[in-house]
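A short worksheet on the structure shown next.
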Amino acid sequence: MSHSKKNAKNTKAKVSQINKLPDLNLPAEKEVPKCMNCQKKSSQFYCTKCKAYFCEECEQKAHSIKNFQTHKNFLINPLLVELEEENKKHKKQKENLCSLHQKPLIKFCSKENRLICVKCEKKCQRNDHITFSFDESLKYFKKKNKTLLEQIEKEKKTKRKTIKNIESKQNQLNKKFENKIEKLTKETQLFKTIPEQNLNKNINLLTTQQNISNHQLEAILKNGKQEINLMKKNQKQLKYLTNSKFKNNNLGSRTNKKNKNKINNFYLLQESIIIHKKINKIKFKNKNKQNDDNYNVQTLLNQKNNLQRKIISNNKNNTQPNINIKLIMNFIQQIFYLILKILILKKLFILETKKMYIMDLLRF
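This is the structure in structure tokens:
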């Protein structure tokens, strides 16, 4: 009696554990769950503690450890496993059947590019299609694959060569570009240092020459004013003498001629000063620079010659040349040389400005 009671209790415990489990006797329509470890084979066991499905191999591996040996595994219905395997075989057979006639595939058609059954083969023969057996088709495709692989390798080699050539050309171009940049940087540094020094020197020379010429003009104007005052005094004296009754009228005529010559010389001085002022008012223009410079030189030469002619014509009557006339001639020559220097410096300045403009362009 005691044994029977114990067996009854054990059966009740097993039934209670089985009732807690999910329904593993699945219908035939549903598939058996796959092994949760390998996820390839269909499961044959279910562990209550792990709460996982296992195939035979994975179940043995998982429960070979001591800690997991106490776990209880339950077999899934073996009929379901067999049914699943049969379904897989049936699917494979369906895959190997013709979709039109549902007959096994035998050959391969080259034009239709598909596998063919017996009925399809007859149609292909009527249409003069070329058919191959599986072995022949495998050989055919292997040859095609070889040819394709060879072509691909050749194309790879050619492309690699082209890539190497392009890289070499790029390196050459980069080197040339770097060398040109270095040359340009050196030239720019030279252009920066040299023109600035020359410009500063030329500007200093021009300022000193202008200051000297201005001082000389001021001194000449002062002397001219003094001479005018003396001439006015002499004229007053001449008037006084002409009004007085002297017999010697020749003295008055001689003094009048001398005074007239002095006045003419003073007016010539004023003309030379006006010319110098015109020279100081010259502006450096960019348009038609060479033509303007040549025209200014010619006009100044003509003015110089005209002044010399006037001075010579005024001094033909005088036997003794005045000191003031010599000063005027020297002053005119100095002005002429100053004009030439200014024009030369102007051309130099234009050239240097062009260089600076080129340097600015190179910077950008």
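Residues in the sequence shown are numbered consecutively from 906, following this note's numbering. All C-beta atoms, glycine included, are put in the ideal place defined by N, C-alpha and C. Note that the structure is predicted; figures quoted are calculated from it, not measured.
Give the secondary structure of residue i by DSSP, where H, G and I count as helix, E and B as strand, and everything else as coil.
i: Ile1011; result: coil
i: Lys946; result: coil
i: Ser1042; result: helix
i: Ile1068; result: helix
i: Lys1085; result: helix
i: Leu1020; result: strand
i: Met941; result: coil
i: Ser969; result: coil
For residue i, count the other beta carbons within 10 Å of its own beta carbon; 16 or more makes it buried, fewer makes it exposed. Which is it?
i: His1120; result: exposed
i: Cys963; result: buried
i: Phe1013; result: buried
i: Ile1021; result: buried
i: Cys1025; result: buried
i: Gln949; result: buried
i: Phe1039; result: exposed
i: Cys940; result: buried
i: Cys943; result: exposed
i: Phe1046; result: exposed
i: Phe1275; result: Lying outside 906 to 1269, the shown extent of the chain, residue 1275 is not represented and no answer is given.
i: His968; result: buried
In terms of alpha-carbon separation, which member of the options lies closest to residue i?
i: Lys956; options: Lys946, Ser969, Ile970 and Pro938; result: Pro938
i: Thr1112; options: Lys954, Thr1090, Lys1027 and Ile1247; result: Ile1247
i: Gln1007; options: Leu1095, Val1023 and Lys1085; result: Val1023
Look up residue i in the DSSP assignment and give the residues it is bridged to.
i: Ala957; result: Cys952
i: Thr1093; result: The partner list for Thr1093 (beta bridge, DSSP) is empty, contrary to what the question assumes.
i: Thr1036; result: Cys1014
i: Leu1002; result: Pro1009
My assumption, with CB atoms under 8 Å, is that residue i sits in contact with residue j. Please give the rounded CB distance.
i: His1034; j: Ser1004; result: That pair is no contact at about 18 Å.
i: Asn1001; j: Leu1010; result: 6 Å
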